[in-house]
Every structure is written in C-alpha cells, then in structure tokens.
Amino acid sequence: MRSVQITGTGELVELSRRLRSAGGARLRQNMTRRVRRAAEPLHRDLQTAIATLPISSQGGRGRGGPSPTSRPLRATIAAAIRISVRTGGNPGARVWIDRAALPVDLRGMPAALNTGRVRHPVFGNRRRWVQQTAPPLWWDRTVRQHTPRMQAEVARVLDDVRRQLE
445 MRSVQITGTG
455 ELVELSRRLR
465 SAGGARLRQN
475 MTRRVRRAAE
485 PLHRDLQTAI
495 ATLPISSQGG
505 RGRGGPSPTS
515 RPLRATIAAA
525 IRISVRTGGN
535 PGARVWIDRA
545 ALPVDLRGMP
555 AALNTGRVRH
565 PVFGNRRRWV
575 QQTAPPLWWD
585 RTVRQHTPRM
595 QAEVARVLDD
605 VRRQLE
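Numbering (our numbering), first residue to last: 445 to 610.
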C-alpha cells in the first residue's frame, strides 16, 4: 500500500520556483490551502472506508465481541491517516498512513487489511490462530475514485496561481 501523491509535475515545480522568486508568501499560502482542500475529501473518505470496513471471522464457534483493549483497530488506523502539502523542492500533496502514530503491533495492519486477509493469534495465544477477512483493496479503491477529481482540482489551482503571477 502506497501513499497517494500528486507531485513532481513540471508545472508544479516551475510554479514553485516562480512563487519563491516573486516572494509571494500570501500567494503560496493560498496555493497550499487550496491543494490541501483538494486532498481533504480523499482523506475523509479513506477514514470512513477503514472505519466502516466489515471484518468477518472464518468459521469458529461464533464467539467474539468487543475488543478487550482500549484501542479499537479501525478507529486507530483512521486516526493515523494524514495529509501533507509541500511547496518547496518537491511540491505537491500527499495522503498517507503515519505508521509512527500506530501502536507497534498494528503498524503492518493497514497493508494486511488492504489485502483482505488478516491472520493473528487469538488474544495473543500463539498456539491458537484465527483468520479474518475484509473486502480487499479498501485503500486502492478509494484512491482510484478520487484521483481524477484531485488532479483536475490541482490543475485548476495551478492555472489560477500562474495567472496571478503573470
């Protein structure tokens, strides 16, 4: 699972250089705000996708229930989804899962859930394992839905900034 980035386009790099040389701090802040705003619907939908992801158990005796820990899995992952916008050397927007914001034992979980299968020991008992499934590609599918809209919005922002610089 990769982070989503709209970066490195020649237009964005050139525009960033021109903004620096023009000393347009206000213009740069405006561009940053608008690019961030273009990425926010994706950010929200990724959080909703993981928070509502149905996870089911394979077989078993039907037992289960709420997590015995104080950190619900899906809410913890949703809270770790971040947005960053850069206007410097490699300008663009990025939406990613901040693994540092996840507990150590859950850092691989977003990628595992994206595959659709999670195998883990039952309550830490390494002699009893269970496999759980979820609809695969929750991250990829959500990103694909938003990519055309984000690219169009960033292109619109670049056109507006370019016009203001001329």
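Using N, Cα and C, we set each Cβ at its ideal position, and we do this for glycine too. All of these numbers come straight from a predicted model, not from anything done at the bench.
Euclidean distance between Cα positions of E523 and A555: Looking at the sequence itself, residue 523 is Ala, so the reference to Glu does not match. So the two alpha carbons sit approximately 15 Å from each other.
Backbone CA spacing between L459 and E597 [nearest angstrom]: So the two alpha carbons sit approximately 16 Å from each other.
Cut-off 6 Å between Cβ atoms - residues of its own chain near I541, not counting five sequence neighbours on either side: Same-chain partners within the cutoff: A524, I525 and P554.
Presumed contact (8 Å Cβ cut-off) between W573 and L557, rounded CB distance: So it is not a contact: roughly 17 Å between Cβ atoms.
Environment of R585 [buried if 16+ CB atoms lie within 10 Å]: Flag for R585 reads exposed.
Paired residues, beta bridge with H564 - DSSP: In DSSP, H564 forms a bridge with V574.
Endpoints, the alpha helix (DSSP H) within which Q595 is located: Counting along the chain, the unbroken alpha helix (DSSP H) around Q595 starts and ends at W582 to L609.
Contacting residues, own chain, Cβ-Cβ under 6 Å from A545 (five flanking each side not counted): Only residues of its own chain outside the window of five on either side were considered, and among them A524 have a CB closer than 6 Å to the CB of A545, listed in chain order.
Residues near I494 in its chain [Cβ-Cβ closer than 7 Å; skip 5 each side]: Within the same chain, and ignoring the five residues on either side of I494 in sequence, the residues whose Cβ sits closer than 7 Å to its Cβ are R518, I521, A522 and W582.
Whether G560 touches T577 by CB criterion (8 Å): Result yes, Cβ atoms of G560 and T577 sit closer than 8 Å.
Any non-hydrogen atom of the ligand NAD closer than 7 Å to E484 Cβ: As presented, the structure is devoid of all ligands, the ligand NAD included, so that no description of it is given.
Range of the contiguous alpha helix (DSSP H) that encloses P485: For P485, the enclosing alpha helix (DSSP H) covers residues A469 to A495.
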